[in-house]
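Before any comments, here is the structure.
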Ligand SMILES: Nc1ncnc2c1ncn2[C@@H]1O[C@H](COP(=O)(O)OP(=O)(O)O)[C@@H](O)[C@H]1O
Ligand SMILES: Nc1ncnc2c1ncn2[C@@H]1O[C@H](COP(=O)(O)OP(=O)(O)O)[C@@H](O)[C@H]1O
Ligand SMILES: [Mg+2]
Ligand SMILES: [Mg+2]
Ligand SMILES: [Mg+2]
Ligand SMILES: [Mg+2]
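Chains as they are written, first to last, in the UniProt record's numbering: chain Y, 1 to 218; chain R, 1 to 218; chain Z, 1 to 333; chain H, 1 to 333.
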């Protein structure tokens with residue numbers, strides 16, 4: 001099997017997911033940059049697109065053969081090409097996810113929850129953001145919780161990722177009324193209110209792409 | 001007599017004329033600067049206004065008692081405060097005019113023609129501009145010619161200055177279709193065509209102010 | 001977007017090539033990963049100083065590489081902190097065996113990327129210590145923000161930290177001096193116009209013809225408040241008022257006054273503002289014993305300025321006066 | 001008009017006060033009439049070098065006053081040449097008994113005012129010789145114009161002329177060197193945006209978002225032609241193409257390449273353009289042996305650049321390399 005399916009996902013499936021993520025990020029590059037211009041420095045879309053373009057190039061040069069190795073490739077590529085706050089944070093997330101599923105040749109729903117949780121924990125460990133600080137954590141934490149609930153309820157891979165994606169999107173939208181307390185947007189104080197956090201938004205797009213790929217799998 | 005009259009003009013009359021010039025220049029400062037912005041560097045109005053403001057201050061501190069001394073005061077003040085091309089050119093004009101009427105206690109129509117001619121010759125000597133080079137010479141030379149004709153025809157002071165002012169104004173307007181060959185506007189080549197020369201315009205305003213004062217004299 | 005560029009994605013690379021060609025006597029530019037080192041480095045036995053950050057702040061940081069200045073600088077993409085592999089490579093290239101100081105400006109991205117690089121350098125047995133500057137009084141320093149930004153104060157901080165290393169101080173001593181500068185410098189900035197990041201193509205914010213932004217950062221982030229454009233004297237009073245009050249600076253203090261242009265401000269305005277700043281400080285009895293005026297830490301073509309004040313003691317003054325030979329700052333050599 | 005100023009009529013005076021306070025070690029600023037002299041001058045027995053022009057071109061000319069640089073600079077109102085009494089006072093203050101060279105940029109106003117000042121100085125028994133620079137290839141040099149303008153080439157011209165005086169050349173020798181620079185330097189400029197003279201309050205011209213002005217002068221005068229904004233490589237080819245063809249510069253020539261910012265251009269763009277210029281010259285076999293990149297002769301906040309090329313021989317190179325200690329240029333001291 002070379003695609004994610006409903007009960008588990010192998011290395012090729014993870015690659016397909018990452019390719020979809022790259023496409024989504026490219027598609028939303030301008031929007032992410034615009035969001036970052038409102039409350040940051042206007043580079044988030046460009047940073048993420050640069051990173052995932054590099055990831056695609058690496059994958060084209062040779063696809064690793066375990067899910068963990070794919071995630072590690074993504075991690076190291078993002079760390080060395082994205083820069084800014086998002087580079088080390090997403091890099092750490094993928095690195096921790098990779099480590100968390102090190103032995104698995106395919107990822108079942110529980111493994112996906114494990115990977116997501118480890119990724120979120122990595123972001124929190126590096127960035128020290130709490131919920132409602134108006135960061136990507138506000139998309140990641142609802143996503144992790146929803147994924148766990150879906151997996152515990154017996155959901156398949158697609159169901160788990162769908163739950164994660166939906167709640168990430170809600171989490172991203174819910175950053176709008178918040179005042180930023182971490183990252184560049186925090187400099188704005190109350191003026192950060194009324195804008196959606198770019199990092200939370202890219203997290204939501206990323207999970208949406210993974211969910212969509214999983215749903216399309218046979 | 002403390003004002004210009006119809007047959008001659010004493011020191012006080014020259015002072016009255018210069019004060020009127022200062023007022024006119026101040027009034028047209030923005031317009032002169034705008035003309036200079038089109039084909040120069042946008043400072044002619046400011047330069048002239050700075051100079052004549054300084055002249056007023058000098059006159060307030062004490063009015064010289066011969067026409068020549070008044071003209072010399074104007075010359076040295078313009079030279080030391082205007083800068084740019086206009087400063088030395090107008091300065092030289094007033095200096096040569098002053099020298100040309102050195103002995104006179106009042107200026108009759110022929111003396112006025114002598115002063116105007118000397119002033120124009122001074123500008124040409126310093127700036128080397130020929131007619132139709134699109135400079136103040138294009139206002140000065142018609143003014144000198146008209147003044148001479150008026151004086152030769154027996155015109156009084158007011159008539160001489162009126163003739164000079166009218167032809168200076170026509171000369172200034174006639175610079176519009178010309179291509180500049182001297183001064184900053186010459187850098188523009190053919191793009192200087194279609195704009196009125198700022199220096200010719202200030203010359204026309206200057207003579208208009210003198211004529212108006214002479215006409216109002218009893 | 002009006003810029004003298006060929007392609008928004010290659011601006012930094014092409015500019016780095018220009019730097020390499022224009023300053024071959026002072027610096028060596030490395031590519032993939034990108035970093036800049038002293039042409040005569042590494043200096044064995046000297047503590048090496050490495051800094052960096054997003055591009056677009058030129059001459060920061062490559063313009064300060066050279067004898068008496070930085071040993072290496074790491075340019076990120078425009079307004080984006082550099083990546084750990086760049087920082088690691090620069091750290092390795094600069095290391096002269098006496099340890100390396102990372103001078104990090106306080107932005108989440110810079111902190112995270114330099115942290116990762118330091119861990120990696122540690123694994124290579126390079127002794128790295130980081131010092132972080134956060135001199136921007138426009139930002140509230142509290143647990144509820146990412147902390148104050150590192151802004152204009154970075155220039156005297158670079159100069160003095162590097163001079164300590166150049167005179168032979170060991171790693172701990174250099175770090176101590178560096179932290180003393182951080183403790184004694186404060187800055188606040190303002191902008192008349194925004195700037196446009198090349199790949200974005202849109203201004204970072206918009207300001208009406210009669211508006212200015214007070215408390216601006218150096219990345220085109222909007223500032224603390226938007227107000228009507230006022231006179232130079234009032235702007236200076238707003239910026240310096242916050243700066244003086246914060247440390248606080250007091251009557252009789254000796255200081256370095258630094259009026260920094262944001263890239264698009266003509267120096268006639270900077271000197272005019274400097275004059276206003278001197279009057280402001282003179283009224284308060286604060287002595288200005290050293291000065292710097294110019295575009296030293298910029299935000300692309302942004303028009304505006306920041307004012308920094310550094311409390312000087314004899315040692316900091318001596319280190320400020322010490323020789324430096326770099327593209328952007330040169331004296332005594 | 002967005003500027004950090006108090007009053008359009010006092011901009012130059014206030015900025016001069018700032019210069020005096022910021023650079024008291026290098027220069028003395030005199031008022032009424034306004035001029036700037038070396039703090040350690042006049043230097044007895046040395047040929048004195050005096051230059052000046054309108055303000056708004058900072059660091060020209062006051063930023064080049066100091067040891068190895070000018071003995072005096074005379075700032076006019078913004079974009080307006082100084083008056084003869086200013087120039088005379090500066091000439092008298094700079095004179096060290098070995099004669100004075102007036103370095104005059106070719107503009108009608110500057111020529112006329114410096115001419116008058118030289119006559120007045122002559123009457124005071126000061127031996128003054130004027131050298132005029134007219135390096136701007138954008139202007140047709142013919143009897144039908146005021147001649148070419150003096151633009152960016154003035155910077156290497158200042159440096160080299162002043163170095164000749166500093167090494168002890170007599171008046172004739174200094175003048176000869178100075179004229180050799182004029183004969184060997186050519187420049188052309190362009191602008192992306194206009195600038196606004198403070199007292200005028202209006203931009204000197206307007207350019208659409210996709211337009212640039214080629215052959216611009218340094219006073220906000222419109223240029224030779226208005227074209228669509230193109231790439232840095234194409235802009236450089238247009239400017240340098242005209243420059244190289246004019247002298248002409250030839251394969252094997254050693255040159256100084258100077259990329260000058262108009263005041264509002266960030267240095268990342270200047271270095272990018274410098275890189276493009278190096279490629280352009282390399283293709284033609286023209287060697288670049290010395291370089292200068294930065295905002296050295298500006299037009300207020302105008303965005304744009306000029307490119308100058310100076311053909312170097314050994315002596316000019318040595319004089320370029322000689323020490324100078326001024327606010328805007330410093331090396332070897
Ligand atoms: N301390 C943090 N913890 C978690 N996420 C953060 C933190 N700081 C910033 N972020 C996220 O990073 C995003 C900005 O990323 P990006 O624009 O690429 O980097 P930079 O802010 O350095 O320009 C923010 O929208 C936010 O979601
Ligand atoms: N060589 C010249 N001879 C006569 N008049 C000249 C000459 N050059 C310039 N002018 C006049 O000077 C005017 C410009 O004056 P002004 O703007 O004050 O000086 P600048 O050109 O130095 O900025 C021009 O409009 C023109 O009439
Ligand atoms: Mg950002
Ligand atoms: Mg003018
Ligand atoms: Mg960034
Ligand atoms: Mg002028």
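The beta carbon of each residue, even a glycine, is placed where N, CA and C say it ideally should be. What you are looking at is a predicted structure, and each value in this text was computed from that prediction instead of being measured.
Proximity of residue 95/R to chain H, defined by a Cβ-Cβ separation below 8 Å, is not satisfied. DSSP, read as helix, strand or coil, puts residue 184/Z in helix.
Non-local beta-carbon contacts of residue 121/R in its own chain, meaning distances under 7 Å to residues more than five positions away in sequence, involve 96 in chain order. An exposed status is given to residue 190/R, since fewer than 16 other beta-carbon atoms sit within 10 Å of its beta-carbon. Within the stretch 226-296 of chain H, the complete alpha helix (DSSP H) segments at least 4 residues long are 232-246, 267-283, listed from N- to C-terminus. Chain H places no beta carbon closer than 8 Å to that of residue 241/Z, leaving this residue out of the contacts.
The closest heavy atom of ligand 2 lies less than 7 Å from the beta carbon of residue 81/H. If you check each beta-carbon in the stretch 75-90 of chain Y against every beta-carbon of chain Z, the ones closer than 8 Å belong to 79, 80, 81, 82, 83, 84, 85, 86, 87, 88, 89.
DSSP places residue 7/Y in no beta strand (DSSP E); its state is neither H nor E. In the displayed model, residue 67/Y falls within a helix according to three-state DSSP. In this structure, the straight-line span from the alpha carbon of residue 125/Y to that of residue 306/H is close to 51 Å.
The chain-ordered list of residues whose CB is nearer than 5 Å to some heavy atom of ligand 3 reads 36/Y, 40/Y, 41/Y, 43/Y, 44/Y. For the stretch 54-83 of chain H, the set of positions with a beta-carbon nearer than 8 Å to some beta-carbon of chain R reads 54, 76, 77, 78, 79, 80, 81, 82, 83 in chain order.
Counting only Cβ-Cβ distances below 7 Å, residue 3/H has contacts in chain Z at 269, in chain order. Spatial neighbours of residue 303/H in its own chain (CB-CB distance under 6 Å, excluding positions within 5 residues in sequence) are listed in chain order as 192, 193, 264, 265.
At least one CB atom of chain H sits nearer than 8 Å to the CB of residue 303/Z. A Cβ of chain Z is located within less than 8 Å of the beta carbon of residue 33/Y.
At least one C-beta of chain H is nearer than 8 Å to the C-beta of residue 126/R. With a beta-carbon spacing of about 5 Å, residue 68/Z and residue 323/Z fall inside the 8 Å limit used to define contacts. Segment contact: the stretch 89-105 of chain Z against the stretch 121-141 of chain Z, three or more CB-CB distances shorter than 8 Å; contact assigned.
Here residue 62/H really is in contact with residue 73/H; their C-beta atoms are around 5 Å apart, less than 8 Å.
Annotation for residue 137/Y: the continuous alpha helix (DSSP H) segment containing it runs 137-152. Taking the Cα of residue 138/R as reference, the smallest distance to any Cα among 177/R, 103/R, 162/R is reached at 177/R. With 16 or more other CB atoms across the displayed protein chains lying within 10 angstroms of its CB, residue 182/R is buried. Interface with chain R (8 Å Cβ-Cβ cutoff): residue 151/H is excluded. For residue 311/H, the uninterrupted beta strand (DSSP E) run begins and ends at 304-311, by DSSP. Within the DSSP secondary-structure output, residue 213/Z pairs in a beta bridge with 191/Z, 226/Z. DSSP lists 53/H as the bridge partner or partners of residue 75/H. Three or more beta-carbon pairs separated by less than 8 Å link the stretch 103-114 of chain Y to the stretch 153-168 of chain Y, which places the two stretches in contact. At a cut-off of 8 Å, the C-beta of residue 108/H has a neighbouring C-beta in chain R. The beta carbon of residue 128/R is closer than 8 Å to those of 182 in its chain, skipping five residues each way along the sequence. In chain order, 96, 97 place their CB closer than 7 Å to the CB of residue 44/H, counting only its own chain and leaving out the 5 sequence neighbours on each side.
For residue 46/R, the nearest CB of chain H lies under 8 Å from its own CB, placing it at the interface with that chain. The distance from the Cβ of residue 309/H to that of residue 244/H is about 7 Å, consistent with a contact at the 8 Å cut-off. Contacts with chain Z (Cβ-Cβ distance below 7 Å) from the stretch 223-249 of chain H involve 229, 231, 232, 233, 235, listed in chain order.
Three or more Cβ pairs closer than 8 Å define a contact, and the stretch 15-22 of chain Y falls short of that threshold against the stretch 169-187 of chain Z.
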